[in-house]
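Novice: A single structure is presented below for examination.
4 protein chains.
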Amino acid sequence: MKKIGVLTSGGDAPGMNAAIRAVVRKAIYHNVEVYGIKYGYQGLIDGSIDKMELGSVGDIIQRGGTKLYSARCEEFKTEEGQLKGIEQMKKHGIEGLIAIGGDGTFMGAKKLTEKGYPCIGVPGTIDNDIPGTDFTIGFDTALNTIIDAIDKIRDTATSHERTYVIEVMGRNAGDLALWAGLADGAESVLIPEFEDEFSDVIDRLKRGHERGKRHSIIIVAEGVGSGVDFGRKIKEATDLETRVTVLGHTQRGGSPSASDRVLASRLGAHAVDLLLNGKSGRMVGIQQNKLVDHDIVEILNTKHQVDLDMYRLSKELSI
Amino acid sequence: MKKIGVLTSGGDAPGMNAAIRAVVRKAIYHNVEVYGIKYGYQGLIDGSIDKMELGSVGDIIQRGGTKLYSARCEEFKTEEGQLKGIEQMKKHGIEGLIAIGGDGTFMGAKKLTEKGYPCIGVPGTIDNDIPGTDFTIGFDTALNTIIDAIDKIRDTATSHERTYVIEVMGRNAGDLALWAGLADGAESVLIPEFEDEFSDVIDRLKRGHERGKRHSIIIVAEGVGSGVDFGRKIKEATDLETRVTVLGHTQRGGSPSASDRVLASRLGAHAVDLLLNGKSGRMVGIQQNKLVDHDIVEILNTKHQVDLDMYRLSKELSI
Amino acid sequence: MKKIGVLTSGGDAPGMNAAIRAVVRKAIYHNVEVYGIKYGYQGLIDGSIDKMELGSVGDIIQRGGTKLYSARCEEFKTEEGQLKGIEQMKKHGIEGLIAIGGDGTFMGAKKLTEKGYPCIGVPGTIDNDIPGTDFTIGFDTALNTIIDAIDKIRDTATSHERTYVIEVMGRNAGDLALWAGLADGAESVLIPEFEDEFSDVIDRLKRGHERGKRHSIIIVAEGVGSGVDFGRKIKEATDLETRVTVLGHTQRGGSPSASDRVLASRLGAHAVDLLLNGKSGRMVGIQQNKLVDHDIVEILNTKHQVDLDMYRLSKELSI
Amino acid sequence: MKKIGVLTSGGDAPGMNAAIRAVVRKAIYHNVEVYGIKYGYQGLIDGSIDKMELGSVGDIIQRGGTKLYSARCEEFKTEEGQLKGIEQMKKHGIEGLIAIGGDGTFMGAKKLTEKGYPCIGVPGTIDNDIPGTDFTIGFDTALNTIIDAIDKIRDTATSHERTYVIEVMGRNAGDLALWAGLADGAESVLIPEFEDEFSDVIDRLKRGHERGKRHSIIIVAEGVGSGVDFGRKIKEATDLETRVTVLGHTQRGGSPSASDRVLASRLGAHAVDLLLNGKSGRMVGIQQNKLVDHDIVEILNTKHQVDLDMYRLSKELSI
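Residue numbers (the UniProt record's numbering), protein chains in the order written: chain A, 1 to 319; chain B, 1 to 319; chain C, 1 to 319; chain D, 1 to 319.
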């Protein structure tokens with residue numbers, strides 16, 4: 001294999017740039033040419049493809065976002081779109097592709113692989129909702145952004161008798177909310193995996209209030225519902241003054257944490273190794289602190305699980 | 001004067017601890033005893049009063065929030081409440097008081113002064129809405145918190161064609177929104193001082209969109225309305241995809257910035273100097289980079305003005 | 001077991017407070033009393049021992065340093081010192097001890113265990129030099145502090161043709177330097193595990209210079225020698241202008257990262273579980289992302305290994 | 001005036017990018033063309049000159065360093081070098097120049113002005129050592145970087161009986177050291193403006209030690225001498241264990257603070273206004289919170305003064 005491509009697709013995540021950098025440098029180290037495809041699969045269809053050099057990835061390891069931009073692409077879900085993409089790969093002589101992103105990204109990679117164009121998926125999403133890897137690129141950074149925000153809220157919380165509701169990202173996975181709850185000693189955490197916990201939240205608030213607790217922090221994953229709505233419901237159920245913060249897209253940005261940069265560098269380089277070793281249709285990951293790879297179809301058919309022991313621990317420590 | 005008191009009241013602001021520290025250390029430097037009053041005027045009424053030593057203010061200069069806690073106090077707005085407070089001052093031998101906070105705080109200080117108990121006000125509020133001082137304690141920190149959040153949003157903004165609405169604090173004053181807009185190159189800023197600008201926001205969005213601009217950032221001060229509502233209205237008027245972030249109470253917390261710590265130290269020490277020099281019913285401030293003091297009644301009767309030149313500049317630079 | 005003690009000893013590390021908090025809350029959750037011992041083993045000898053409640057660990061999860069203070073204690077290395085410590089444990093009815101720290105801390109725990117007082121060690125040190133755990137409490141935070149500093153240096157580095165030498169901590173272990181090098185794309189990393197690499201550093205600098213590279217970053221672990229000396233030697237060997245930064249004790253402080261807080265919470269709680277289950281002379285750790293425990297004697301007799309694959313990767317990516 | 005140039009020169013400072021952005025956008029707002037000159041006066045001589053558009057300054061307001069790069073240039077100190085620069089200006093039709101930097105930068109601007117090419121200087125340096133402006137671009141950011149580092153050192157300082165020496169930048173001016181000392185409650189501050197204070201430092205250390213103070217922080221401006229040397233001398237004079245941190249070039253980098261971005265935006269825009277109004281040989285500044293401008297020759301002949309009241313205050317508060 002003498003020419004490979006790399007793209008980022010779906011929601012962006014901090015560390016994607018570090019992964020791109022690792023792909024480019026590892027490939028060049030092995031005398032392989034690398035082509036950067038902009039705007040994900042849309043750019044593959046449109047031919048937004050440029051050769052990358054060492055200098056193309058200078059000064060990006062510490063940047064949030066993705067230098068190759070990202071997009072969601074409806075057209076690539078169709079056979080026609082996929083064939084257009086393959087046309088472009090042929091035109092540029094690209095023999096294999098590294099696709100950085102989440103579920104949707106891997107679906108595209110699977111299609112290309114099936115059509116004879118070997119792809120390797122790299123898990124990049126702040127939600128940590130990809131099976132086959134203990135951590136996804138961006139999760140650690142998003143988590144630090146969240147706890148930084150909650151720390152600030154705690155500073156001011158002691159002054160007033162109030163309940164603070166913080167809505168964090170996580171449409172299907174509670175990892176961000178759960179880890180943030182543990183890391184910040186939140187009183188309660190509401191995650192999509194456990195839906196019927198609202199009465200428990202209210203019980204804890206009331207018990208805490210009776211014990212003289214002046215303030216409480218409740219973290220709500222967006223998948224459970226809107227923080228603003230929960231704030232209203234808590235106010236109604238407890239009559240406690242309630243304030244809501246919706247962290248929103250701040251969670252997607254920021255300079256990647258050290259862990260995310262190292263993880264991205266290792267996964268990106270590992271993806272190049274796999275491609276050069278003739279592998280195809282795999283997703284790289286880190287499990288039990290070791291580099292691994294899995295069949296991408298299997299990954300797409302598996303559901304990510306939240307850590308039950310950590311969920312239990314978060315309840316025990318927030319008595 | 002041999003014994004003075006210090007309290008923080010109203011919404012807390014980063015840097016209040018640095019101000020308390022300066023009051024305590026400056027007083028002890030002049031061999032004056034200092035008493036810390038907890039929970040603002042409520043604590044004055046209740047007698048939550050403790051003598052402070054050098055050690056009481058160790059390791060707090062860098063902390064957000066206020067070590068003396070804060071509260072709003074309805075009772076102190078009544079003559080009866082004020083007399084209870086004076087009773088406590090007599091009991092502890094406190095001859096003068098330094099009150100750190102905003103408008104409401106100064107109203108209490110005015111009442112005590114009128115009743116023969118000299119008070120000095122120190123402007124501490126993130127809103128920067130106090131006349132007689134160019135900057136209030138906490139404004140600079142809150143501003144840095146806001147731009148840090150917007151920087152993160154910018155990282156991710158480039159990926160998608162979207163409008164980002166960010167709601168920041170500022171019920172009556174647009175300073176936080178305006179400065180944040182300048183510091184982050186926001187496309188539009190909506191502040192309470194200029195109410196009829198919504199159509200201008202829409203015009204700018206449409207023009208930008210036509211020029212090929214992929215994303216825009218709109219900052220809304222809470223005094224103008226809810227960010228969530230503005231997001232909806234923008235979506236309706238432009239059909240652009242819109243995302244809303246409500247920074248909420250993150251803006252009140254965090255370790256104070258260097259400028260806020262220095263400002264708080266200077267204002268706190270200056271307040272002690274005034275009290276020891278027999279001054280009464282004054283508010284300290286910084287104007288034209290020099291320590292000043294004003295009649296607290298005059299401050300209460302004046303309205304803070306937003307800087308018009310800066311508002312104009314923010315429009316010129318966001319063409 | 002109805003009463004347990006907890007102490008921190010040796011060099012402090014961010015996250016120790018989160019570990020203390022988890023120990024206290026987990027114990028109280030199981031209706032076990034907890035005693036905090038100040039200043040490590042010195043405080044055990046001196047009887048600086050206080051009962052801890054839920055409130056004792058409020059608002060500390062996010063603080064650097066250790067609320068129980070730390071110290072090194074020569075006296076506890078002697079039989080006599082150990083017996084004094086046991087005397088105090090008897091006096092307070094403390095039946096088991098959780099000791100948070102590094103090698104020296106575990107040596108003390110081993111001695112107490114041998115004398116019939118069950119101890120559990122929790123690995124807390126920024127150096128990550130403890131075998132039996134993939135990560136120690138504090139490592140992730142220190143790493144983020146280092147890359148934050150190097151990011152700032154990179155900002156300014158592009159302006160001038162210069163070599164920047166950054167000395168980081170790590171007397172015996174190169175983990176901090178190696179991970180920081182990967183996370184920041186450093187040109188070279190000098191670690192105690194590989195001593196004869198100085199000529200390689202010079203070769204890389206010269207090659208880079210010839211290719212037109214304007215600036216380079218070299219990370220030196222303190223165990224290899226002084227950054228200032230290396231700066232001088234590099235200047236002599238290459239005639240390139242060289243600037244040295246010694247990060248020093250900034251690396252020990254700071255609010256713990258999300259990962260460190262979660263790790264500390266899990267390890268602290270796990271240590272309580274082991275003690276209550278009758279375990280003794282164990283060190284808790286995290287391996288392959290799972291909670292584990294090892295014989296503390298075995299840990300003391302094993303040498304931590306740096307990750308060779310990561311060292312190789314750091315060279316491949318910095319071509 | 002229809003075409004202007006902009007360059008950054010000398011040591012870079014955070015906020016320079018925000019100033020460049022303001023120059024470009026303000027000029028375009030007035031329908032004036034802007035040319036960016038890379039590598040300061042060296043690039044002017046070499047003709048590294050490119051036309052800038054709105055898009056040239058996108059996404060840079062939050063970046064440290066300078067997009068136009070910086071350099072010191074010996075050749076431009078000669079008549080010959082200056083004439084070469086003027087040749088390039090003529091060639092590109094550049095009628096006026098905005099030069100962002102410090103003393104050396106303004107000397108170049110003065111020379112061009114004298115030769116009939118109107119220049120406006122914008123003060124950009126972290127040292128705050130320029131007369132005619134209360135603050136220079138970059139000072140506030142560097143200050144926040146310093147206190148962030150000292151905060152971390154404080155976290156760990158409480159554990160051990162030690163003296164921490166921190167060397168900060170400031171070859172001729174003590175502003176960074178003095179403000180950092182006030183903002184962090186340092187025990188002593190050594191600045192170039194007051195040379196004979198070493199015995200006072202020792203006296204304070206000894207007195208503190210006798211009072212039971214466990215740790216002290218001493219800030220040394222590099223203009224006074226090397227932090228490493230001071231550490232040694234303090235150890236010799238007091239026998240206290242001493243640790244040294246040399247913050248080095250971390251102080252030059254980092255994303256500019258909100259204040260620096262706003263200041264840079266205002267000064268950059270003001271410089272354009274002056275140039276378009278036919279002014280020449282001026283330096284813009286902010287004094288008493290208002291935009292001002294001064295004769296650049298006068299600025300070059302004046303010496304910056306450190307604030308004596310603040311120096312006194314720092315001593316009073318660190319009793």
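Note that beta-carbon positions come from the ideal geometry of N, C-alpha and C, so glycine has one too.
Taking Cβ to Cβ, would you say Thr238(C) is nearer than 8 Å to Gly64(D)?
Specialist: The answer is no: Cβ separation not under 8 Å.
Novice: Please classify Tyr164(D): does DSSP put it in a helix, a strand, or coil?
Specialist: Three-state DSSP puts Tyr164(D) in a strand.
Novice: Along the alpha helix (DSSP H) that carries Ser259(C), what are the first and last residues, could you check?
Specialist: Looking at the DSSP string, the run of the alpha helix (DSSP H) that includes Ser259(C) is 258-276.
Novice: Compile a chain-ordered list of the residues in the segment 111-143 of chain C whose CB is closer than 9 Å to at least one CB of chain D.
Specialist: For the segment 111-143 of chain C, which is checked against every Cβ of chain D, not one residue is closer than 9 Å.
Novice: Could you tell me whether any Cβ in chain A is nearer than 8 Å to the Cβ of Thr156(B)?
Specialist: Cβ-Cβ to chain A under 8 Å: yes for Thr156(B).
Novice: Using 8 Å as the limit for Cβ to Cβ distance, is Ile153(A) near chain B?
Specialist: It does: the Cβ of Ile153(A) has a partner Cβ on chain B nearer than 8 Å.
Novice: Between which two residues does the alpha helix (DSSP H) harbouring Tyr29(B) extend?
Specialist: Where Tyr29(B) is concerned, the enclosing alpha helix (DSSP H) stretches over 16-29.
Novice: Below 8 Å on C-beta distance, what does Ile61(A) contact in chain C?
Specialist: Correct list: Ala183, Asp184, Gly185.
Novice: Identify which residue in Val246(B), Thr113(B), Ile137(B) has its Cα closest to the Cα of Pro123(B).
Specialist: The residue with the shortest Cα to Cα distance from Pro123(B) is Ile137(B).
Novice: Which residue marks the beginning of the beta strand (DSSP E) containing Leu97(D), and which one marks its end?
Specialist: That run of the beta strand (DSSP E) goes 96-101.
Novice: Since I believe Ile49(B) is in contact with Ile60(B) (beta carbons under 8 Å), could you give me their beta-carbon distance rounded to a whole number of angstroms?
Specialist: At roughly 18 Å, the Cβ-Cβ gap does not stay under 8 Å, so Ile60(B) and Ile49(B) are not in contact.
Novice: Between Ala99(C) and chain D, is any beta-carbon pair separated by less than 8 Å?
Specialist: Not an interface residue.
Novice: Starting from the beta carbon of Glu316(A), find every residue of chain C whose beta carbon is closer than 8 Å, and list them in chain order.
Specialist: Correct list: Arg25, Lys26, Tyr29, Ala269.
Novice: For Thr133(A), does the count of other Cβ atoms within 10 angstroms reach 16, so buried, or fall short, so exposed?
Specialist: It is buried - the Cβ of Thr133(A) has at least 16 other Cβ atoms within 10 Å.
Novice: Could you please give the first and the last residue of the uninterrupted beta strand (DSSP E) stretch that includes Asp196(C)?
Specialist: Run containing Asp196(C): none; DSSP gives neither H nor E here.
Novice: So for Tyr35(B), helix, strand or coil by DSSP?
Specialist: Of the three classes helix, strand and coil, the one that applies to Tyr35(B) here is strand, per DSSP.
Novice: For Ser314(D), does the three-state DSSP call read helix, strand or coil?
Specialist: Here Ser314(D) sits in helix by DSSP.
Novice: Taking Cβ to Cβ, would you say Val228(D) is nearer than 8 Å to Ile191(D)?
Specialist: Contact flag unset, no.
Novice: Between Glu161(A), Ile147(A), Tyr39(A), Ser70(A), which has its C-alpha nearest Ala13(A)'s C-alpha?
Specialist: Nearest of Glu161(A), Ile147(A), Tyr39(A), Ser70(A) to Ala13(A), Cα basis: Ser70(A).
Novice: Taking only three categories from DSSP, how would you classify Val306(C)?
Specialist: Looking at Val306(C) - three-state DSSP - the assignment turns out to be coil, as it is neither helix nor strand.
Novice: Is it buried or exposed, Leu68(B), if we count other Cβ atoms within 10 angstroms and call 16 or more buried?
Specialist: With 16 or more other Cβ atoms within 10 Å, it is buried.
Novice: With a cut-off of 8 Å, does the C-beta of Leu313(D) fall near any C-beta of chain B?
Specialist: Yes, Leu313(D) lies at the interface with chain B (some Cβ there is under 8 Å from its Cβ).
Novice: Let's see if you can read the secondary structure: which residues bound the alpha helix (DSSP H) around Thr141(B)?
Specialist: Per DSSP, Thr141(B) belongs to the alpha helix (DSSP H) from 139-157.
Novice: Roughly how many whole angstroms lie between the Cα atoms of Ala27(C) and Phe198(A)?
Specialist: Their backbone Cα atoms lie some 27 Å apart in a straight line.
Novice: From what residue to what residue does the alpha helix (DSSP H) around Arg232(A) run?
Specialist: That run of the alpha helix (DSSP H) goes 227-238.
Novice: Determine the direct distance from the alpha carbon of Ile166(D) to that of Val24(D), and round the result to whole angstroms.
Specialist: Using only the alpha carbons, I get a separation of about 39 Å.
Novice: Please compile the residues from chain G whose C-beta is within a distance smaller than 8 Å of the C-beta of Arg261(A).
Specialist: Within the model displayed, chain G is absent; protein chains A, B, C and D are what it includes.
Novice: Can you give me the C-alpha to C-alpha distance between Asn301(D) and Gly47(A), rounded to a whole angstrom?
Specialist: Asn301(D) and Gly47(A): Cα-Cα distance of roughly 59 Å.
Novice: Let me make sure I understand the geometry here. Which of Gln62(C), Tyr35(C), Lys290(C) has the alpha-carbon closest to that of Gly93(C)?
Specialist: Answer by Cα proximity: Tyr35(C).
Novice: Once you ignore the five residues that flank Arg214(C) on each side, which residues in its own chain have a CB closer than 6 Å to its CB?
Specialist: So the list reads Glu161, once near-sequence residues are dropped.
Novice: Using beta carbons (cut-off 8 Å, strictly below), is Asp12(C) in contact with chain D?
Specialist: Closer than 8 Å to some Cβ of chain D, the Cβ of Asp12(C) qualifies, so yes.
Novice: Looking at the C-beta of Val168(C), does it have a partner C-beta in chain D at a distance below 8 Å?
Specialist: With 8 Å as the cut-off, Val168(C) does not count as an interface residue toward chain D.
Novice: From the DSSP output, read off the bridge partner residues of Val284(B).
Specialist: For Val284(B), which the question treats as bridged, DSSP gives the partners Asp293(B).
Novice: For the pair the segment 251-260 of chain C and the segment 93-108 of chain C, tell me if three or more CB-CB distances fall below 8 Å.
Specialist: No: the two stretches stay apart, fewer than three of their Cβ pairs being nearer than 8 Å.
Novice: When DSSP labels each residue in this structure, what does Gly43(B) get in the three-state scheme?
Specialist: Three-state DSSP puts Gly43(B) in a helix.
Novice: Indicate whether at least one CB of chain D lies closer than 8 Å to the CB of Thr105(C).
Specialist: For Thr105(C), the answer is no, since every Cβ of chain D falls outside 8 Å of its Cβ.
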